[in-house]
Amino acid sequence: MTLNILIDCDPGHDDAVAILLANKLANLTSITTVAGNTDLANTTRNALALVELLGTNIPVHSGAYQSLGGEVRDAQHVHGKTGFGGTDLPQPTTEVASEDAVSHIIEQARAIDDLWLVAVGPLTNIALAIEEYPAIVSRVAGLSIMGGSTGSGNATPAAEFNIWADPEAARTVLTAGLNPIICGLNLTQQFLSDDDFVETLAAADQRVPSFIAELYTYMHERMDAIVGERRAALHDPCAVLALTHPQLFEFEDMYVDVELSGELTRGMTLFDQRRTHARNPANCRVATKIDAKKAREVLLSTLLDNSST
Ligand code: BDR
Ligand code: CA
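320 is the number that this note's numbering gives the last residue of the sequence shown; the numbers go up by one with no jumps.
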């Protein structure tokens, strides 16, 4: 059965890899963009440039430029000012299909019977779609998210970036009854790129793998500067692989909510993992383990397959 995916993203290095995977392993119906790793103009430009690099005509719809609460966050210290630090893709020649990602998400959910939403940026667009069309919860096949953490955060000690960038949106989405699959930092930090990964891609000497190699050369330099290690978590690809290769994952059903008001914990995902008391009823599927070796094989073979693209 065809896996139809709409990806909502803020490219972003790992967003780019997630898009490539979705394009190769599923039917990627469209891309919607949100501000996150960098501003909306850049995340949208990057999505369009990537679509052109792939030689496809996947429509790109731009969405929210700020959080529901009007905050504008970014992760340019990690992804560079443009969001695609370390690369210089040409300015795209194509335009966005619309500047109304929210309407597009709703239209697609209505039009396609078994659409999966994959959200790998701040959850603003998805939250707005749920607010405008609550029945989307039962219309879509499901939602796979990269966001949150059952342990430490990254944007703050408590909060992961995608949730921290728009906690109100995250609460709306996570508690809407979609029973989302959640790939948080606890999972994605098991799945790392390293110099071998980059060298394997670069050795193919093909456009798309070389582009990913450039992205991750830059990312490893940033990680070396920030944490002293030339490795980076391949966060966003996990949200795609959890759908295309669920056999590589272990999942646990849990209850999750988002902290909105904590002085130190705003944007934290609170997972009910109690062992000594009855837990709150589960409302999500948390990916807890990934077979990183096999997942890397899948990732590399997918990126290198048909690498004339
Ligand atoms: C998430 O934040 C972004 O910087 C990445 O693209 C990923 O979606 C990781 O916390
Ligand atoms: Ca992202």
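Virtual Cβ for every residue (Gly too), placed ideally from N, Cα, C.
Its Cα nearest to that of A130, the residue A46 stands out among A236, Q87, A46 and L314. Within the same chain, Y266 and D283 come within 7 Å of R290 by CB-CB distance, once the 5 residues on both sides are set aside.
For S73, the uninterrupted beta strand (DSSP E) run begins and ends at V71 to S73, by DSSP.
Here DSSP, grouped into helix, strand and coil, assigns E142 to helix. A Cβ-Cβ distance of about 6 Å is found for the pair D177 and L134, placing them in contact under the 8 Å criterion. When the beta-carbon positions are compared, T313 and K92 stay at least 7 Å from each other. Note that the C-beta distance between L139 and V113 is below 7 Å. Between L189 and L154, the gap from beta carbon to beta carbon is short of 7 Å.
D19 has its alpha-carbon roughly 9 Å from the corresponding atom of S73. Beta-bridge partners assigned by DSSP to I147: none are found. G81 counts as exposed, since fewer than 16 other beta carbons sit within 10 angstroms of its beta carbon. Exclusion of the five residues before and after Y229 leaves G96 and G97 as the residues of its chain whose Cβ lies within less than 6 Å of its Cβ. Under DSSP, I192 forms a beta bridge with S155 and R296.
Taking a 10 Å sphere around the C-beta of N57, we find 16 or more other C-beta atoms and assign the residue as buried. Relative to the non-hydrogen atoms of ligand 1, the Cβ of N173 comes within a distance shorter than 6 Å of at least one.
Nearest in C-alpha terms to V151, of all of M157, R307 and A187, is A187. If you check the C-beta of G23 against ligand 2, you find a heavy atom less than 6 Å away. Relative to ligand 1, even the nearest heavy atom lies 6 Å or more away from the CB of V45.
Secondary structure note for M265: its beta strand (DSSP E) is the uninterrupted segment F260 to V269. Contact between D268 and R182 holds: CB atoms are separated by about 7 Å, below the 8 Å threshold.
Taking D264 as the centre and dropping the five residues before and after it, the same chain places the C-beta of A293 and R296 closer than 7 Å to its C-beta, in chain order. Taking 8 Å as the upper bound for CB-CB distance, L185 and L17 are not in contact here, some 18 Å apart. Ligand 1 never approaches M265 closely enough for any of its heavy atoms to be under 6 Å from the residue's Cβ. Counting only residues of its own chain and dropping the five nearest sequence neighbours on each side, G94 has a CB closer than 7 Å to the CB of P22, G23, N48, T49, N53, T54 and N57. Taking every protein chain shown into account, the CB of P248 has 16 or more other CB atoms within 10 angstroms, so this residue is buried. For the 7 Å CB-CB criterion, G159 and T280 form a contact.
In the three-state DSSP reduction, I30 falls in the helix class (H, G or I). Taking C-alpha positions only, A37 is separated from P70 by approximately 15 Å.
Excluding its 5 nearest sequence neighbours in each direction, I192 has C-beta neighbours in its own chain below 6 Å: S155, A253 and R296, listed in chain order. Taking non-hydrogen atoms of ligand 2 into account, the C-beta of D247 is found less than 6 Å away from one of them. Between A120 and I147, the C-beta gap is smaller than 7 Å, which places the two residues in contact.
DSSP places T40 within a strand segment (E or B) once states are collapsed to three. P168 and W175 have their C-alpha atoms roughly 11 Å apart.
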